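Number of protein chains: 2
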Amino acid sequence: MRVLVLGGDGYLGWPTALHLSDNGHEIAIVDNFARRRYDEELGVESLIPIEDMDTRVEAWQEISGKRITAYQGDLLDDEFAFQVLREFAPEAVVHFAEQRSAPYSMIDRRHAVYTQHNNVVGTLNLLYAIAKIDPDIHLVKLGTMGEYGTPNIDIEEGWLDVEHNGRTDRMLFPKRPGSFYHLSKVHDSHNIEFACRAWGLRATDLNQGVVYGQETPQTARDPRLATRFDYDAVFGTVLNRFVIQAVLGQPLTVYGRGGQQRGLIDIRDTVECIRLAVENRADRGEFRVFNQMTESFSVQGIAELVAERFPGPVQIEHLDNPRVEAAEHYYNVKHTGLVELGLKPHLLSDTLIESMFDIVGANKHRADTEKLHPQIRWTEVTEPARV
Amino acid sequence: MRVLVLGGDGYLGWPTALHLSDNGHEIAIVDNFARRRYDEELGVESLIPIEDMDTRVEAWQEISGKRITAYQGDLLDDEFAFQVLREFAPEAVVHFAEQRSAPYSMIDRRHAVYTQHNNVVGTLNLLYAIAKIDPDIHLVKLGTMGEYGTPNIDIEEGWLDVEHNGRTDRMLFPKRPGSFYHLSKVHDSHNIEFACRAWGLRATDLNQGVVYGQETPQTARDPRLATRFDYDAVFGTVLNRFVIQAVLGQPLTVYGRGGQQRGLIDIRDTVECIRLAVENRADRGEFRVFNQMTESFSVQGIAELVAERFPGPVQIEHLDNPRVEAAEHYYNVKHTGLVELGLKPHLLSDTLIESMFDIVGANKHRADTEKLHPQIRWTEVTEPARV
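One line per chain: the protein sequences are R and F, in this order. Per my numbering, residue 1 is the first one in the first sequence, and the count goes up by one each step. Per my numbering, residue 1001 is the first one in the second sequence, and the count goes up by one each step.
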């Protein structure tokens, strides 16, 4: 299948491109390299060195014999978006091309506006391009489990059967997220659902949990194929960050008491979920939603798991929670859709964490421990910085 | 009370400013005059002549003895937004300052992006300004009944008590709107609810029905105080448009069979609802929602009502529905919140329609009948026009 991977230079976009290419699909990547610029802005780097796009693509061709086409450009540039869709003529578009950090979106007004504008308008341009150029293209869009917030009922996969005053309806699951980033994904979901209804587009919205891990079978084949691995408090996600803190001999920084729950997923399952969604497309007019996660843990539970597995002493430190979220809450997520398509989850009870210790250990000299502590507080409203 | 009316030059913003001023509040208006530029873009004009802002404000001072301060500027300009809030130091902000036409948002990609960017980013800037300058300011934000779409259950006021698998929660009412404009208001609502939760802001979200009528007790006091009255297919709302079509001897253009239902509200009730919301502010941290409408009619029912009341022959024409909406649907809207605050609704069984015939009759020479027919079809995706 011809698959266009938007945001194909990122933490998950790159391994997804390789996984799909390895599975026989014809792949093109689009990226504006915004993620690399956030590193410059924040003064951090991927813990594991990553190559530039040309080197990555050449290395993959050398190793696999398979070609990936790379386009540099921005979805905010509608002419570019239309041109790429016309030129590559994909059958599916996998859309990772969004600013994906909640703390980044909460830095200040400018970052909140940037995040919502970038994510919402980029996706709008994409929807128009698909509708105009080929409404048969299947849009596979990355959302986040954080869109749901923490309702006191079971979290269904995007839709909820509601009974109220003796009448029933199948409705979009009511969402109440906890940052301007998560909100941007809620806005996207609403826009995409409308485009399916109005224009008969096909879309799969993947509400992804917190991804952990750094290697996939494809990225492991050559150091030049490595994907990024973030440890800082802005872009580092919880389990990865704890692993890095353990290896560095730093305390694991749990926000609040750590009673807040997270849906998790192994990076190898992420790329496989995308493959399954791509190869089993949504119907015309269908807005299909999967919860792309495999198990739930409390943040404290994740910290304890990492501490238990690490072959050395580990301290757990409880910081004031910089986020706006419930300290304790009900969390029961339905996630059977992708399993029904064939996903065989890797669970944390597997050996993955141990393998991460080695990868991190080999690169620990690259870490700036000052970047591990959260500086961005949700409740603090900073002055608008000038662009 | 010191009340800032954003979008105070518009169809409803201006009468609201006068109504609040007349009721003893100290008023400032903000407008970027975007609405007047849409007229130029679309080649239409308000059926009733309106004065420029300076003349309006001077006329009001001459007639009422009351001063209204006018600021020209754009909420997208965050420095301007912060400056106005600092300078005027309002206790409440009434926010009408959004692109408010569904057909306009569906013209093409550029208009969809413009609408969502303008509405969502303008409101984000406002939320940051309130949070930073004075989180005690009460935000009274205009939403629309169209945010809900047409669920098969009763439409509650913004929140829904959900029972699911034996557990319960009070959740945001799930919305599924029918245009990129309506979606922009859904995005706003989610952003505002989060700002209330994260920063303890006070907000009232008014999901307004289709407003009809042109005169309020204040605007009627002098022709220079008139508010705009739109008859074109882009900005003209359904009942107003039918009245104008009847007077012009044109067929009333019902989209589809006219089975789709609309919540309606008299312009005099709109301005009174805003006063009630302003004078009975939401609590700190509260995201309060009212459905600002007083009765429901089918579009066919509205056409028949106008035809019945008009003292002459009227034809009803059924056009292909250019919108994406259910032809027939359940529609039962709860709207008791504003009545509990003291609203005494004007219903269509009153004499209002007849008085509109006279106003329209006096200005019918100004109408361009070609602008009455819808040109924008929701399902048609046009090429992106260059800005």
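Glycine included, every Cβ here is placed at the ideal spot set by N, Cα and C. Only a predicted model underlies this, so the values are computations on that prediction, with no experimental measurement involved.
- In this structure Thr369 (chain R) is exposed. Its beta-carbon is surrounded by fewer than 16 other beta-carbon atoms within 10 angstroms.
- Chain R has a Cβ within less than 9 Å of the Cβ of Lys1175 (chain F).
- Short of 8 Å from the beta carbon of Glu354 (chain R), and not among the five residues preceding or following it, lie these beta carbons of its own chain, in chain order: Arg309.
- Remark: fewer than three beta-carbon pairs, one from each stretch, lie closer than 8 Å, so the stretch 261-270 of chain R and the stretch 1013-1025 of chain F are not flagged as touching.
- His117 (chain R) has a beta carbon lying within less than 9 Å of a beta carbon in chain F.
- The C-beta separation of Ser296 (chain R) from Val339 (chain R) comes to about 15 Å, leaving the pair out of contact by the 8 Å criterion.
- Sequence-distant partners of Gly1342 (chain F) (beyond 5 residues in either direction) whose C-beta falls short of 6 Å from its own C-beta, in its chain, are Leu1276.
- Under the 8 Å Cβ criterion, the stretch 116-129 of chain R counts as touching the stretch 1095-1112 of chain F, having at least three qualifying pairs.
- When secondary structure is reduced to three states using DSSP, Met145 (chain R) falls in the helix class.
- Exclusion of the five residues before and after Arg221 (chain R) leaves Ile63 as the residues of its chain whose Cβ lies within less than 6 Å of its Cβ.
- Judged by DSSP in its simplified three-state form, Arg35 (chain R) adopts helix.
- In the structure shown, Trp159 (chain R) falls within a strand segment according to DSSP collapsed to helix, strand and coil.
- In terms of Cα proximity to Val1093 (chain F), the closest of F:Ala1198, F:Ala1203 and F:Arg1036 is F:Ala1203.
- Inter-residue distance for Ile1153 (chain F) and Thr1219 (chain F) is about 38 Å (C-alpha atoms, whole angstroms).
- Taking 8 Å as the Cβ-Cβ cut-off, the stretch 190-220 of chain R approaches chain F at His190, Asn191, Glu193, Phe194, Arg197, Ala198 and Trp199, given in chain order.
- Here Gly285 (chain R) has Cys196 and Gly200 as same chain residues with Cβ atoms under 6 Å from its own Cβ, once five neighbours each way along the sequence are excluded.
- Between the alpha carbons of Arg1281 (chain F) and Met1145 (chain F) lies a distance of about 21 Å.
- In chain R, no part has a C-beta under 9 Å from the C-beta of Trp1060 (chain F); the shortest such distance is about 33 Å.
- Going by DSSP, His19 (chain R) is part of the alpha helix (DSSP H) stretching over Gly13 to Asp22.
- Across the stretch 1099-1112 of chain F, CB contacts with chain R closer than 7 Å involve Arg1109 and Ala1112, in sequence order along the chain.
- For Ser349 (chain R), the closest Cβ of chain F is not nearer than 9 Å.
- Beyond the five residues adjoining it in sequence on each side, Phe1088 (chain F) comes within less than 6 Å, by CB distance, of Leu1004 and Ala1028 in the same chain, given in chain order.
- In the assembly as shown, Leu183 (chain R) is a buried residue. Its beta-carbon has 16 or more other beta-carbons within 10 Å.
- If you draw a straight line from the Cα of Gly7 (chain R) to the Cα of Asn1363 (chain F), it is about 55 Å long.
- At a cut-off of 9 Å between beta carbons, Lys132 (chain R) contacts chain F.
- Interface annotation, Ser1296 (chain F): not in contact with chain R, CB-CB separation never under 9 Å.
- Neighbours of His1373 (chain F) in chain R, taken as residues at a C-beta separation under 7 Å, are lacking, since the least C-beta distance is about 21 Å.
- Distance from the CA of Ile274 (chain R) to the CA of Pro103 (chain R), rounded to the nearest whole angstrom, comes to 25 Å.
- Across the structure, Ile50 (chain R) and Arg36 (chain R) are spaced so that their CA atoms are roughly 10 Å apart.
- Within 9 Å of the CB of Asp154 (chain R), the CB atoms of chain F belong to His1164, Asn1165 and Arg1167, in sequence order along the chain.
- Annotation for Ile1244 (chain F): the continuous alpha helix (DSSP H) segment containing it runs Val1238 to Leu1248.
- Within chain R, the residues whose beta carbon sits less than 7 Å from that of Val1324 (chain F) are Arg197 and Ala198, listed in sequence order.
- Taking 9 Å as the CB threshold, Leu75 (chain R) stays off the interface with chain F.
- For Phe1297 (chain F), the enclosing beta strand (DSSP E) has its first and last residue at Glu1295 to Ser1298.
- Beyond the five residues adjoining it in sequence on each side, Gly1236 (chain F) comes within less than 6 Å, by CB distance, of Asp1230 in the same chain, given in chain order.
- The DSSP assignment places 92-95 as complete runs of the beta strand (DSSP E) inside the stretch 72-127 of chain R, in order along the chain (cut-off: 3 residues).
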